[in-house]
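Trainee: Pasting a structure here, questions to come.
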């Protein structure tokens, strides 16, 4: 139990560090500011444009990502 909790805490801390770094750079945490995903999640994703990042709607900005999340 302690090992699983330690792993989950490490994972959450890593994610929070990533999001705060992307906030400082004003980049979307999902696409790293590119505005598109290199590999869509899978072939069954039905988005208007499967390459646009669903987190920021293709803008690559943190402000767009934070409004949608």
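Numbering (the working numbering), first residue to last: 97 to 165. In this text, a Cβ means the ideal position worked out from N, Cα and C, and glycines have one as well.
If we call anything under 8 Å between Cβ atoms a contact, is residue 132 one with residue 98?
Mentor: Contact flag unset, no.
Trainee: Which residue comes first and which comes last in the alpha helix (DSSP H) that contains residue 119?
Mentor: Counting along the chain, the alpha helix (DSSP H) containing residue 119 begins and ends at 98–121.
Trainee: Pick from 108, 127 and 112: whose alpha carbon is nearest that of residue 147?
Mentor: Here the closest residue by C-alpha is 127.
Trainee: Do residue 130 and residue 156 have their beta-carbon atoms positioned less than 8 Å apart in this structure?
Mentor: Closer than 8 Å, so yes.
Trainee: Please determine, among 149, 125 and 134, the residue with the shortest C-alpha to C-alpha distance to residue 158.
Mentor: It is 125 whose Cα lies nearest to the Cα of residue 158.
Trainee: Leaving out the 5 sequence neighbours to the left and right, which residues in its chain are closer than 8 Å to residue 165 when beta-carbon positions are compared?
Mentor: Result list for residue 165: 151, in chain order.
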